[in-house]
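Every number in this note's numbering is 278 more than the matching position in the sequence shown, counting from 1. For every residue, glycine included, the Cβ atom is placed at its ideal position computed from N, Cα and C.
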Amino acid sequence: MNGYQSESEDNSPKPHRVCCLIEDKDRCKRLAGNACYSKRIQKTVAQKKLKLAAAESAGHIYICNYHKDMIQTARSKRKRKDSEDENDGQEVDVSILQTSTLRRYKRHFKLQTRPGLNKTQLVEVSKICTGVEF
Ligand SMILES: [Zn+2]
């Protein structure tokens, strides 16, 4: 669901563990929950430049709820920049273009559109021809 291990059920009692994370050189002293410092979380931490690292001496990769929330919050604040990174800058964002540019573009490619298109519709039409330099 959200990439974390199941928190609802925990049948096998485990000894109390301390969160494995080091936050900005300070080893976290909170008790770890059932969430673990997975590859996916590590990726989020790296992307968000959170000052978190797993302590190898911990011997496990479970993290406390505090840090779990921190990472979760950071992830939910995904900004446009991330999606641009994923696209690797290949795609032209036609929505940032001026309507006049879009209309020129439309004419240039003799795109079949109805008259009086609004900008959103023009953007849709222009998306057909991504990869062309403006
Ligand atoms: Zn912690």
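Item to check | Rounded separation between E362 and D347 - CA only | outcome: Note on E362: pLDDT 47, under 50, position unreliable in the model; the coordinate value appears next. Cα to Cα, E362 sits roughly 25 Å from D347.
Checklist entry - What is the rounded straight-line gap between the Cα of L380 and the Cα of A324? => result 38 Å
Next on the checklist: Give me, in chain order, the residues of the same chain whose beta-carbon lies closer than 8 Å to that of K307; leave out the 5 immediate sequence neighbours on both sides.
Outcome noted: V296 and C297
Next on the checklist: Looking at K326: is its Cβ nearer than 7 Å to the Cβ of E301?
Outcome noted: Between K326 and E301, the gap from beta carbon to beta carbon reaches 7 Å or more.
Checklist entry - To the nearest angstrom, how far is it from the Cα of G337 to the Cα of S354? => result When only Cα atoms are considered, G337 and S354 end up about 29 Å apart.
Item to check | Unbroken beta strand (DSSP E) run spanning L380, endpoints | outcome: It is not in any beta strand (DSSP E) - L380 instead sits in the alpha helix (DSSP H) that spans T377 to H386.
Checklist entry - Taking the alpha carbon of K397 as the point to measure from, which residue in I319, A352, I339 and S378 has its own alpha carbon closest? => result S378
Checklist entry - Can you give the Cα-Cα distance for H386 and Q399, rounded to whole angstroms? => result Rounded to whole angstroms, the gap between the alpha carbons of H386 and Q399 is 17 Å.
Next on the checklist: Does A332 come out as helix, strand or coil in the three-state DSSP assignment?
Outcome noted: In this structure, A332 counts as strand in the three-state DSSP scheme.
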